[in-house]
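**Q** Once you've had a glance at the structure underneath, I'll fire off some questions.
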Amino acid sequence: MAAAVELLAMDVDGVLTGGEIIYGPGGEWKVFSVKDGHGFRLAARAGLKTAVITGRRSHVVLVRARELGVFAVLQGVTDKGRAIEELCVKQGIGLNAVCFVGDDLVDLPVMRRVGFPVAVADAVEEVQAAARWITPSAGGRGAVREVIELLLKARGQWDSILRQYYEE
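Here the sequence shown stands for residues 0 to 167, where the numbers follow numbering that gives the first Met the number 0.
Have a look at this one:
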């Protein structure tokens, strides 16, 4: 299943972050992992599309997603299952070619639809039960990077990515 993935989609809070939301004078702040950030660059080099699907709306998420070259940013989503279906139809990608990374109950509808559902290590029990793979790391601590490495290895692209670093 991992070898067939064309689109890696994920939740934001609890997956790309540790789940904390910090409010300050300038608005909302989120802490993102640089390991995950580099993982997005690896995915882009390999031609793996990425998407974020979140129930919240946050300017910080939009800025970070643009910085990382995220293909699709869907915010304020109330039905993640329907959102992934619509995205796949628009892109001509089958649901079986999608990996979704989640952490909480609101992610279950999309996890049940995709071919390769993944839970972060600190996901709730029900999400872990719905996953085909559970990351060793918690959300916001490099879990997305681990998923990207797993997918690139399954797709047979990891060695060529590594060679690029050795040759630079």
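For each residue, glycine too, the CB sits at the ideal point set by N, CA and C. Quick caveat: nothing in here was measured; it's all calculated off a predicted structure.
With 16 as the cutoff for other CB atoms within 10 Å, does Ser-57 come out buried or exposed?
**A** That one is buried.
**Q** Classify Gly-18 as helix, strand or coil using the three-state DSSP reduction.
**A** In the structure shown, Gly-18 sits in coil (DSSP, three-state: anything other than H, G, I, E or B).
**Q** Please check the pair Asp-103 and Gly-13, which I expect to be a contact at CB under 8 Å, by giving their CB distance rounded to whole angstroms.
**A** At roughly 6 Å, the Cβ-Cβ gap stays under 8 Å, so Asp-103 and Gly-13 are in contact.
**Q** Just to confirm my understanding: we take Trp-132, look at its own chain, exclude 5 residues before and 5 after, and list those with CB closer than 6 Å. What are they?
**A** So the qualifying residues of the chain are Val-117.
**Q** At what residue ranges does the segment 105-160 contain a whole run of the alpha helix (DSSP H), taking only runs of 4 or more?
**A** Whole alpha helix (DSSP H) segments, 4+ residues: 107-110, 124-129 and 142-153.
**Q** Exposed or buried, what is Ser-159 when buried is set at 16 or more other beta-carbons lying within 10 Å of its beta-carbon?
**A** Classification of Ser-159: exposed, given that the 10 Å Cβ count is below 16.
**Q** May I ask which residues mark the beginning and end of the alpha helix (DSSP H) holding Phe-39?
**A** Counting along the chain, the alpha helix (DSSP H) containing Phe-39 begins and ends at 33-45.
**Q** Once DSSP output is grouped into helix, strand and coil, what is the label at Glu-84?
**A** Helix.
**Q** Measuring CA to CA, which of Arg-55, Cys-98, Ile-147 and Gln-74 is closest to Ile-20?
**A** For Ile-20, the nearest C-alpha among the options comes from Arg-55.
**Q** What is the DSSP secondary structure of Val-51, counted as helix, strand or coil?
**A** Strand, per DSSP.
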